[in-house]
Every structure is written in C-alpha cells, then in structure tokens.
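Heads up: the structure comes next, in structure tokens.
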Amino acid sequence: MDGHDHMFRQRVAQRYSRSSLEKKRLWYCILFHYILFMVMLAKLAPSILDYFSIFILEIEELEVPEPYLWEWIWLSSFALSYFLLEAIKRNKINSLKCYIYGIILFGYLPLLYCIILWFGEVYTFLFSEDYAEILDIVFWKTYPYGLLLYSFILLALQVHSFSMYFSYSLLVSWKTRSVRKND
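Be aware that the sequence shown starts at 584, since it is given in our numbering, and climbs by one per residue.
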C-alpha cells in the first residue's frame with residue numbers, strides 16, 4: 584500500500600459515479616420520450632380508431648389531420664427504449680449501440696423529413712405579408728399545423744439529442760473500462 588492503490592480506487596470510483604449519473608440522465612430522457620410518445624399517440628388516435636372501426640364522436644369532432652408516414656415511423660422509435668433499458672440494466676455495449684443507431688434511423692430521420700416537408704408552410708406563415716398566401720396554409724383549430732409540428736419536433740430533437748449525448752458518453756465510459764480489462 585504505497586499510495587498507488589488509492590489513486591487506482593479513485594479513478595475507478597469516478598468512472599462508476601459518472602456511469603451512474605449518465606444512467607440516471609438517460610432514465611429522464613426515456614421518461615420524456617414516453618411523454619412525447621403519448622402526445623403523438625393521442626394525435627394518431629383517430630386514425631387508429633378508424634382502422635379498428637371504432638367510432639367515438641368526441642374524437643371525431645376534433646378533426647385531427649390525417650397522419651403522415653413519418654409520424655408512424657417516429658412512433659416506432661418508442662420500441663427502441665427497450666434496448667436502452669437493457670443496456671442500462673446490464674451494461675451491454677451492443678444494446679446501447681442498437682439504441683443509438685435506432686434513434687438516428689427512427690428518431691432523427693423522420694423529424695428531419697417533417698422539417699423539410701413543412702418548411703414551406705412555416706416559412707410562409709412566419710414571413711409572408713400576403714394574406715391570401717397565409718389562408719392557403721393548413722390550420723388545425725385556428726393554429727398553423729406546421730408550427731404545431733415544429734414545436735413537437737423541437738421537443739423531440741432535444742430529447743433525442745440529450746439521449747444521444749448521454750448514450751455516447753456512457754458508451755465511451757464502458758469502452759474504456761472494457762479496454763482496460765483486456766490489458
């Protein structure tokens with residue numbers, strides 16, 4: 584016990600405390616992803632009920648616009664939380680990588696597609712001075728539908744970006760641990 588043991592223990596303790604902190608932050612990201620999932624599910628509820636031939640007058644009266652393909656694809660990103668939970672619980676690098684790649688594919692890409700799809704209408708609403716052009720925009724309950732989608736996208740991008748950052752940080756932490764184990 585010449586003091587080197589203490590330094591090694593401090594390094595290991597710091598790595599484990601960082602890993603624990605990143606796991607806790609990822610739990611919060613999952614929670615916010617679930618909340619956004621419920622919001623999108625509520626938006627898609629009329630279409631889901633129509634598919635099963637279930638008629639609820641109150642929901643039909645909301646006149647929610649028809650869903651786009653990107654919304655269904657983004658909704659499937661909810662299933663990726665299984666990989667993240669598995670990675671957090673068992674410190675699995677492969678599950679964490681599956682989550683990271685899945686969020687890029689099913690989280691970011693549909694949101695990017697929506698940004699491109701609705702950019703024209705949002706730009707027209709924000710910067711056009713011609714009232715006739717503004718009337719051509721899709722509205723839902725007196726709100727521009729593109730702006731509503733952009734507000735959802737802003738929140739979803741924040742949740743995905745934080746979860747990607749914390750996941751990558753955790754991945755780097757676990758990889759340095761596994762490299763040191765092999766040495």
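Glycine is no exception: its CB is placed at the ideal position from the N, C-alpha and C atoms.
These numbers were taken from a predicted model, which means no experiment stands behind them.
My output table needs one value for residue i: the three-state DSSP class, helix, strand or coil.
{"i": "P629", "result": "helix"}
{"i": "R726", "result": "Contrary to the premise, residue 726 reads as Tyr rather than Arg in this sequence. If DSSP states are grouped into helix, strand and coil, Y726 belongs with the strands."}
{"i": "K675", "result": "coil"}
{"i": "V647", "result": "coil"}
{"i": "S711", "result": "coil"}
{"i": "I637", "result": "coil"}
{"i": "I720", "result": "coil"}
Can you have a look at residue i and say buried or exposed, based on whether 16 or more other CB atoms are within 10 angstroms of its CB?
{"i": "L753", "result": "buried"}
{"i": "S734", "result": "exposed"}
{"i": "S746", "result": "buried"}
{"i": "F702", "result": "exposed"}
{"i": "M621", "result": "exposed"}
{"i": "L663", "result": "buried"}
{"i": "L667", "result": "buried"}
With a cut-off of 8 Å on the beta carbons, I'd call residue i and residue j a contact; round off their distance for me.
{"i": "I671", "j": "K606", "result": "5 Å"}
{"i": "F689", "j": "W657", "result": "7 Å"}
{"i": "I618", "j": "A628", "result": "In fact, because the Cβ distance is near 16 Å, the residues do not count as touching under 8 Å."}
{"i": "S660", "j": "I686", "result": "6 Å"}
{"i": "C697", "j": "L732", "result": "6 Å"}
{"i": "I736", "j": "L694", "result": "5 Å"}
Please work out which residues of its chain come closer than 7 Å, Cβ to Cβ, to residue i, disregarding the five sequence neighbours upstream and downstream, and give them in chain order.
{"i": "Y728", "result": "P648, V721 and F722"}
{"i": "E669", "result": "K675 and S678"}
{"i": "R608", "result": "F749"}
{"i": "L730", "result": "V705 and F708"}
{"i": "M623", "result": "E654, W657 and L658"}
Who are the near neighbours of residue i in its chain, counting only those whose CB is closer than 8 Å to its CB and skipping five residues on each side?
{"i": "K626", "result": "V647, P650 and E654"}
{"i": "S756", "result": "R598, R601, S602 and E605"}
{"i": "P751", "result": "The amino acid at residue 751 is misidentified as Pro; the sequence shows Tyr. Counting only Cβ-Cβ distances below 8 Å, and skipping sequence neighbours, we find I683."}
{"i": "I717", "result": "T707, F708 and S711"}
Tell me which residues share the same chain as residue i and place their Cβ nearer than 6 Å to its Cβ, disregarding the 5 neighbours each side in the sequence.
{"i": "S630", "result": "P650"}
{"i": "H616", "result": "V742"}
Would you call the segment 609-621 and the segment 645-653 in contact, with 3 or more CB pairs under 8 Å? no
Below 8 Å, can you find three or more Cβ-Cβ pairs linking the segment 667-683 to the segment 707-721? no
Can you confirm whether the segment 708-724 touches the segment 740-751 when touching is taken to mean that 3 or more C-beta pairs between the two stretches lie within less than 8 Å? no
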